[in-house]
Amino acid sequence: MGTLIWTTIGAILTLSVYSFLYKDNPFYKFAEHLVVGVSAGYYLVIYYYNFIDPNVVTPVFQLRLGDQPIGFGSGAWWLALIPGLLGLLLYTRFFPKVAWVARWSLGIYVGGYAGLGISPVMQARVIEQIGANALPLTSVTNVLIVIGLLGTLAYFFFSMKHRGILGVFARTGIVFLMVGFGASFGYTVMSRISLLIGRVSFLLHDWLHLV
Amino acid sequence: MKRTWLTFLAAAAVATSLLGAAVAQEAAPVVEEEVPREDVPLDTVAPAAPGALTARDYLDSNDAGDKIELDWELSPDDGAGSCDVAGYFLWRSRSASSPGEIVAELPSGQTHYVDRNLEPGAEYFYSITAFDGTNESAAVTCAPVAGRVNLFQTSRASILALMLVFFGLVLVFTKLAERGDELFVRRIPGLNAIEEAVGRATEMGRPVLYVPGIGEIDNIMTIASLTILSHVAKITARYETPLIVPTARAVVMSAAEEVVKQAYTEVGQPDAYNPDNIRYLSDAQFAFAGAVNGIMLREKPAANLYMGAFWAESLLLAETGFEAGAIQVAGTAMVSQLPFFVTACDFTLMGEELYAASAYLSREPKLLGGLKGSDWMKVVTIALVVLGAVLNFMGFETFVNWFRTQ
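Rendered as structure tokens:
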């Protein structure tokens with residue numbers, strides 16, 4: 236009986252969201268507001284238990300950092316307070332007189348992640364790609380790969396107008412891009428249809444037991 | 041003829057029977073007299089200990105200091121003497137007073153082993169014993185050893201080299217831009233559409249909806265989006281057009297508030313800034329999409345700008361905006377979502393055009409320097425690919441292998 240109630244609620248909410256295909260209506264508004272509210276509360280709990288508790292609360296109040304015990308006598312316990320403090324400083328933006336302090340936290344966050352990301356991005360997206368695509372032109376596949384790569388790079392060259400030989404390569408590049416987009420569109424649509432099949436299966440099998 | 045066949049079949053049957061009887065007799069078990077177990081003597085003699093054990097830091101130009109290399113001499117009973125060595129136990133400890141734990145059980149005949157996943161710089165004590173299945177020899181120890189981290193990983197020299205080239209190019213062009221030199225950037229077709237879209241919204245008296253994607257603030261697409269948001273906010277502030285910015289991340293909302301407020305202040309319209317228009321909706325992907333769809337249908341923006349990192353919600357947003365009759369301009373570097381934006385939006389900034397847009401619109405020296413630096417980095421990349429392809433064709437793979445860092 237309990238399962239039937241929750242399944243029915245899920246089915247009603249599913250149909251409420253699908254009613255959006257006709258037009259905006261109170262059922263869709265209710266489902267939309269419900270999911271926004273529930274997800275906000277859900278993520279609040281997720282973020283606390285997955286990030287704040289293991290990285291700030293546990294090291295400081297349980298005096299451990301990972302597997303290593305740390306104590307107020309050692310110099311390491313305050314390390315866990317620094318990111319916690321930076322996070323708290325973000326809330327100063329609610330107080331106009333000290334709102335500028337939040338920029339410190341934001342600057343450290345953005346700058347730190349940008350700096351840490353430079354080396355792995357350069358390795359994965361530039362260096363390894365050069366190594367993988369500098370292919371000998373001994374087969375049609377290799378020729379297509381190299382020409383497609385050079386054409387695409389030429390298309391995204393902004394320092395010169397696309398004229399002459401650069402224009403030829405750029406137009407070749409856009410053709411390769413559009414072929415790639417078409418293939419990507421096709422297989423992504425397939426995966427979206429499979430999501431729809433899952434929902435219809437829920438309605439017809441789990442709820443109505445028709446199939 | 042028939043009699044001959046019958047005679048042949050009868051003879052074959054008899055021969056088969058005789059053969060089967062002979063095989064059965066041969067397969068019959070031979071019962072031997074059993075020897076009582078208590079008469080078999082147990083092996084109580086341990087094998088001889090292995091020879092000298094040496095341990096040293098594993099020498100590798102890319103070593104992280106977490107490996108120790110060990111060599112030893114075979115036990116005299118390994119392949120000689122009593123010939124009963126079944127293998128060796130390798131022991132490791134963090135102190136000289138304790139034998140520690142067995143880290144490897146090695147077969148007989150082996151004289152070399154590399155111990156991995158150790159703590160760099162920590163001292164380890166090793167010993168080795170030979171065993172024959174019943175008894176274990178005396179332990180042979182060696183001096184303590186610690187692994188050392190190599191200062192430079194030679195397998196990643198190509199990353200350092202190209203990063204230095206890239207940084208150099210960006211610095212040079214940034215200095216040129218700061219000096220006031222004219223740095224040419226070709227016209228990007230989708231950018232003019234942004235101003236047209238905002239103008240259309242102003243004429244219709246309806247708001248502009250700017251969606252900075254659902255990426256976190258550390259996502260480079262989100263950062264580029266916020267730069268474009270600053271430009272859009274200045275235009276809407278000048279025209280006094282409402283600007284709605286829904287976000288899916290709390291920190292992005294904070295950054296968007298800063299950007300929009302700053303833009304309105306620079307244009308001289310600080311009072312027109314409405315913080316309620318910068319909204320955090322939900323971290324959940326489809327809850328965010330549903331809420332943005334609701335904004336589109338209820339507040340009816342005339343222009344929708346999607347700039348940043350999007351995933352599966354891209355088509356939901358773009359299709360709803362299309363149905364609502366808004367002019368739509370999108371920009372993302374998510375290859376999987378570009379097809380949907382190209383299909384459903386009026387103009388699309390593809391891939392690096394999103395990053396170029398922020399430099400093109402703001403004309404900030406640092407952004408222009410970054411754009412020009414990355415442009416000439418593409419020229420370097422093209423040259424390296426062509427050179428690598430030619431050398432590869434000629435059979436010289438060393439050059440290309442230098443870029444394979446994994």
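Taken in order, these protein sequences are the chains called A and B.
Taking my numbering, the leading residue of the first sequence gets 236, the next gets one more, and so forth.
Taking my numbering, the leading residue of the second sequence gets 41, the next gets one more, and so forth.
Backbone N, C-alpha and C define an ideal beta-carbon position, used for all residues, glycine too.
Legend entry - Counted within 10 angstroms of its Cβ, other Cβ atoms place Ile268(B) as buried (16 or more) or exposed: Working through the second sequence from its first residue, we reach residue 268(B) at position 228. It counts as buried.
Inset, instruction - Could you spell out the range, first to last residue, of the beta strand (DSSP E) harbouring Ile234(B)? - result: In the second sequence, residue 234(B) corresponds to position 194, counting from 1. Per DSSP, Ile234(B) belongs to no beta strand (DSSP E); it is in the alpha helix (DSSP H), 229-244.
Legend entry - Contact set for Glu408(B): own chain, Cβ-Cβ below 6 Å, skip 5 residues either direction: By one-based count along the second sequence, residue 408(B) stands at place 368. Reading the sequence as shown, one finds Leu at residue 408(B) and not Glu. Hits under 6 Å: Ala217, Leu223, Ala399.
Inset, instruction - Output, in chain order, the set of chain A residues within a Cβ distance shorter than 8 Å of Thr445(B). - result: The count along the second sequence starts at 1 and reaches residue 445(B) at position 405. The answer, in chain order, is Gln358, Ile362, Glu363, Gly366.
Inset, instruction - Using a Cβ-Cβ cut-off of less than 8 Å, give me the residues of the segment 246-264 of chain B that come near chain C, in sequence order. - result: In the displayed structure, chain C is absent; the protein chains listed are A and B.
Legend entry - Span separating the alpha-carbon of Asp117(B) from that of Gly149(B): Residue 117(B) sits at position 77 when you count from the first residue of the second sequence. Residue 149(B) sits at position 109 when you count from the first residue of the second sequence. Going by the C-alpha atoms only, they are around 11 Å apart.
Legend entry - 8 Å CB neighbourhood of Pro318(A) in its chain, flanking five on each side removed: In the first sequence, counting from the first residue as 1, residue 318(A) sits at position 83. Asn290, Val291.
Legend entry - Close Cβ partners of Phe362(B) (< 7 Å) along its chain, the five nearest in sequence each way excluded: Sequence index remark: in the second sequence, residue 362(B) carries index 322 (1-based). Once the five neighbours on either side are set aside, the close Cβ partners of Phe362(B) are Gln368, Ala384.
Legend entry - Cut-off 7 Å between Cβ atoms - residues of its own chain near Val210(B), not counting five sequence neighbours on either side: The sequence position of residue 210(B) within the second sequence is 170, counting from 1. A distance below 7 Å between beta-carbons, with the five flanking residues on each side excluded, links Val210(B) to the following residues of its chain, in chain order: Gly409, Gly410, Gly413.
Inset, instruction - Compare the beta carbon distance of Gly161(B) and Gly140(B) with 8 Å and say whether it is the shorter of the two. - result: Walking along the second sequence from the start, residue 161(B) turns up at place 121. Walking along the second sequence from the start, residue 140(B) turns up at place 100. It is not a contact, given that the beta carbons lie outside the stated cut-off.
Legend entry - Where the beta strand (DSSP E) through Ala144(B) begins and ends: As a working mapping, residue 144(B) is identified with position 104 in the second sequence. 141-147 is the extent of the beta strand (DSSP E) around Ala144(B).
Inset, instruction - Please classify Val63(B): does DSSP put it in a helix, a strand, or coil? - result: The residue you call residue 63(B) lines up with position 23 of the second sequence. Low confidence applies to Val63(B): its pLDDT is 42, below 50, so where it sits in the model is not reliable enough to give any reading.
Inset, instruction - Mind reading off the beta-carbon distance from Leu324(A) to Ala334(A)? Whole number of angstroms is fine, and I expect it under 8 Å. - result: Locating residue 324(A) in the first sequence gives position 89, counting from the first residue. Locating residue 334(A) in the first sequence gives position 99, counting from the first residue. About 11 Å separates the two Cβ atoms, so there is no contact after all.
Legend entry - Test item: CB-CB of Glu353(B) and Phe326(B) under 8 Å: Residue numbering aside, residue 353(B) sits at position 313 when the second sequence is read from its first letter. Residue numbering aside, residue 326(B) sits at position 286 when the second sequence is read from its first letter. Contact: yes.
Legend entry - Three-state secondary structure assigned by DSSP to Asp97(B): Mapped onto the second sequence, residue 97(B) falls at position 57. Note: Asp97(B) maps to strand in three-state DSSP.
Inset, instruction - Could you tell me whether any Cβ in chain B is nearer than 8 Å to the Cβ of Gly342(A)? - result: Position 107 of the first sequence, counted from the first residue, corresponds to residue 342(A). No, because no Cβ of chain B sits closer than 8 Å to the Cβ of Gly342(A).
Inset, instruction - Just tell me which of Gly391(B), His271(B), Gly334(B), Leu249(B) has its CA closest to the CA of Thr305(B). - result: Position 265 of the second sequence, counting from 1, holds the residue named residue 305(B). Nearest C-alpha to Thr305(B): His271(B).
Legend entry - Chain-ordered neighbours of Arg338(B) on chain A, where CB pairs are closer than 9 Å: On the second sequence, position 298 is the one that residue 338(B) refers to. Contacts between Arg338(B) and chain A, judged by CB atoms closer than 9 Å, involve Asp259, Lys264 in chain order.
Inset, instruction - Could you give the DSSP three-state label for Thr287(B): helix, strand or coil? - result: Reading the second sequence from its first residue, position 247 is the one you call residue 287(B). DSSP places Thr287(B) in strand when its eight states are reduced to three.
Legend entry - Inter-stretch contact at 8 Å, needing at least 3 Cβ pairs: the segment 246-256 of chain B / the segment 436-444 of chain B: Touching, no.
Legend entry - Partner residues on chain A for Thr421(B), Cβ-Cβ distance less than 7 Å: Walking along the second sequence from the start, residue 421(B) turns up at place 381. The answer, in chain order, is Val361, Ile365, Leu388.
Legend entry - Boundaries of the alpha helix (DSSP H) in which Gly366(A) is found, first to last residue: Here residue 366(A) is taken as the residue at index 131 of the first sequence, counted from 1. Per DSSP, Gly366(A) belongs to the alpha helix (DSSP H) from 363-368.
Legend entry - Which of helix, strand or coil DSSP assigns to Asp311(B): The sequence position of residue 311(B) within the second sequence is 271, counting from 1. The three-state reading of DSSP puts Asp311(B) in helix, counting H, G and I together.
Legend entry - Residues of the segment 379-390 of chain B whose Cβ lies closer than 9 Å to any Cβ of chain A, in chain order: Shown in chain order are the members of the segment 379-390 of chain B whose Cβ falls below 9 Å from a Cβ of chain A: Pro379, Phe380, Val382, Thr383, Met390.
Inset, instruction - Output the boundary residues of the beta strand (DSSP E) element that contains Gln368(B). - result: If you number the second sequence from 1, residue 368(B) lands on position 328. Unbroken beta strand (DSSP E) run through Gln368(B): 367-372.
Legend entry - Counted within 10 angstroms of its Cβ, other Cβ atoms place Thr243(A) as buried (16 or more) or exposed: On the first sequence, residue 243(A) is found 8 positions in, with the first residue counted as 1. Thr243(A) should be labelled exposed.
Inset, instruction - Pull out every residue of the segment 414-429 of chain A whose Cβ sits closer than 8 Å to any Cβ of chain B, in chain order. - result: Those residues of the segment 414-429 of chain A that come within reach of chain B (Cβ to Cβ, closer than 8 Å) are Gly415, Phe416, Gly417, Ser419, Phe420, Thr423, Arg427.
Inset, instruction - Mind listing the chain B neighbours of Lys396(A)? Cutoff is C-beta to C-beta under 7 Å, in chain order. - result: In the first sequence, residue 396(A) corresponds to position 161, counting from 1. Neighbours of Lys396(A) on chain B, chain order: Arg226.
Inset, instruction - Give a yes or no on whether the minimum CB-CB distance between Glu222(B) and chain A is below 8 Å. - result: Residue mapping note: residue 222(B) aligns to position 182 of the second sequence, counting from 1. The C-beta of Glu222(B) comes no closer than 8 Å to any C-beta of chain A.
Inset, instruction - Under 7 Å between beta-carbons, which chain A residues line up against Glu392(B)? List them in chain order, please. - result: The count along the second sequence starts at 1 and reaches residue 392(B) at position 352. What Glu392(B) touches in chain A: Phe391.
Inset, instruction - Report yes or no: do the segment 328-338 of chain B and the segment 253-267 of chain A share at least 3 C-beta pairs separated by less than 8 Å? - result: yes
Inset, instruction - Compare the C-beta of Asn432(B) with all C-beta atoms of chain A and state if any pair is closer than 8 Å. - result: Residue mapping note: residue 432(B) aligns to position 392 of the second sequence, counting from 1. For Asn432(B), the answer is yes, since a Cβ of chain A falls inside 8 Å of its Cβ.
Legend entry - Ala364(B) versus Met347(B): straight-line alpha-carbon distance, rounded: The residue labelled residue 364(B) in the question sits at position 324 within the second sequence. The residue labelled residue 347(B) in the question sits at position 307 within the second sequence. CA-CA distance, Ala364(B) to Met347(B), rounds to 19 Å.
Legend entry - Rounded separation between Leu93(B) and Glu159(B) - CA only: Within the second sequence, the letter at position 53 stands for residue 93(B). Within the second sequence, the letter at position 119 stands for residue 159(B). Approximately 21 Å between the Cα atoms of the pair.
Inset, instruction - Given a cut-off of 8 Å, decide if Ala241(B) and Thr281(B) are closer than it, judged by their beta-carbon atoms. - result: On the second sequence, residue 281(B) is found 241 positions in, with the first residue counted as 1. On the second sequence, residue 241(B) is found 201 positions in, with the first residue counted as 1. It is a contact, given that the beta carbons lie within the stated cut-off.
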